[in-house]
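From first to last, the protein sequence lines stand for chains A and B. Taking my numbering, the leading residue of the first sequence gets 1, the next gets one more, and so forth. Taking my numbering, the leading residue of the second sequence gets 1001, the next gets one more, and so forth. The structure under discussion appears below in the form of structure tokens.
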Amino acid sequence: MNEKLKASVLQYFDRLREYGLHGEGDSVSVRTDGGMLFVDNSREVKFVKTGEAKGEAALHEGVYARTDAAAVVHAHPDYVSAVAKAGVTIPAVIDDMAQIVGPTCRTVGGKDAAAMELKKRNSCLIKGDGAVTTGRTLNEAFTCMMVLQKAAICFVSASVLGGNVVINGLEARLMRFVYKKKYSKINTENNMEREGK
Amino acid sequence: MSWTKEEEIKLRQVVKDSGVKLLKENLVQGTWGNMAQRLDSEYMLVTPTGLDYEALSPEDMPVVSIADPSIWKDGKKPTSERKIHAYLMLNRPEINATIHSHPYYGSIFASARKELPEEAMTEEEKKLLGGSVRVGAYGLPGTKKLKEGTVKAMEGRNACFMANHGVFCAGRDMEEAFEIIRCLERVCKRYIEQLTVKATGAKEYSDELLFDYFIKKCGK
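In structure tokens form, the structure reads like this:
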């Protein structure tokens, strides 16, 4: 087993708590040859062979089967969970959401629907079950969760300020394109090396 | 160039440490945000573009011309927002350190494009922030529109919101700039809590109170 990568999976799982993004039922994984390294609240990093995932790990396996993601985070930060409970879509209320998360983040009905949703996006909310984010690295999937929580804070809290002014859809898509193609490239390469990929 | 090598080394470390402090105090997410430290009336140090603060070394900070921020030397490619930092340093000689970031509570006001009124502040906070915190006009990151909107909103102030983007703070040194961004975040949080209590008629604030209000108002 790649010990550096194993340590990185646990590091990012612990970081969820460190950054106040944790909740019940959180899990983090990274894709490996023939399966994934997976960790949940037990804090024991396990190798799960493709086709043998059960329970929470099955959600991660479903995402890897349908996408080219290299890392998956399923977490339950409080504001994200409030939006997931409301069952609504977070629009691009802040530009780093447009860049890192995407122009919108929708709520879907369950874990299978989440894997489908993530075919074309790198985040979604699951009704009553937090959010799932993906990335080319653990850092990218984690950062996506962090920015998603910020967007949820803006979205939820602005309800007492009279609501948000949403970024124009075309501009949100343009920012996303520039981020993916240009801005995030250096960090992705640096983080792949740091995480042991 | 009117500064010594020793001063430059010290200030490079100030910028590096401040970046890490932004992350540790949860005042920025990921690589987002940037800062500048004046070296003299003509040059400033800024953070490079697209690199996370923990991985940066003090030598990575480029030296940028304040009069023409397209000119830079040493270090790595500077942040694309350097024009805003430069413009403020050029026109406000009392400012020696600037921070642009995306903290949680400041971002709520930026995303709602709502001014933070003076009545939300204590006298001490008002003095530190320089009055109500205005919202600069919306513009894409790195654009002239964003620069001009921020500069206008900063007139006579030490902090402003940048529409759908983040916050900008300026101080006489990096320590004061930090004090300002911390103060702004604290006042924004308190004001949201006060508005939640007012909207719900509850006696005291809790996050659950806000969540229930949101779900009732916006939920499916």
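Don't be surprised by glycine CBs; every beta carbon is placed ideally from N, CA and C.
Practice item. Would you mind stating whether A71 of chain A and L148 of chain A have Cβ atoms separated by less than 8 Å? Key: no
Exercise for review: Kindly provide the ranges of any beta strand (DSSP E) runs that are 3 or more residues long and lie completely inside the region 27-100 of chain A, ordered along the chain.
Suggested key: 27-32, 35-39, 46-49 and 71-75
Exercise for review: Give a yes or no on whether the C-beta atoms belonging to D1052 of chain B and G1075 of chain B are separated by under 8 Å.
Suggested key: no
Review point. Along chain B, which residues have their Cβ under 8 Å away from the Cβ of L161 of chain A?
Key: I1108, F1109, A1112, K1114, I1192 and L1195
Review point. By a C-beta neighbour count over all protein chains shown, 10 Å radius and 16 as the cutoff for buried, is F177 of chain A buried or exposed?
Key: exposed
Exercise for review: Let me know the secondary structure DSSP gives H1085 of chain B once reduced to three states.
Suggested key: helix
Exercise for review: Report the residues of the region 1056-1072 of chain B with a CB closer than 8 Å to any CB of chain A, ordered along the chain.
Suggested key: none
Check your understanding: How about Y1053 of chain B: is its C-beta nearer than 8 Å to some C-beta of chain A?
Key -> no
Practice item. List the DSSP bridge partners of P1048 of chain B. Key: B:P1078
Exercise for review: Answer yes if the region 1095-1102 of chain B comes into contact with the region 1114-1134 of chain B, meaning at least three C-beta pairs across the two stretches below 8 Å, and no otherwise.
Suggested key: no
Practice item. Keeping to the same chain, check which residues put their C-beta closer than 7 Å to that of I100 of chain A; ignore five residues upstream and five downstream. Key: T143, C144, V147 and Y179
**Study point:** Where L16 of chain A falls, given that 16 or more other Cβ within 10 Å makes a residue buried
**Key:** buried
Point to revise | Residue burial classification, T1047 of chain B (beta-carbon count within 10 angstroms, cutoff 16) | key: buried
Check your understanding: For the beta strand (DSSP E) that I1192 of chain B lies in, which residues bound it at each end?
Key -> Taken as a continuous stretch (DSSP letters only), I1192 of chain B belongs to no beta strand (DSSP E), being part of the alpha helix (DSSP H) at M1174 to T1200.
Review point. Is G1219 of chain B near G87 of chain A, with beta carbons less than 8 Å apart?
Key: yes
Practice item. Using beta-carbon positions only, say whether S1065 of chain B and E1042 of chain B come within less than 8 Å of one another. Key: yes
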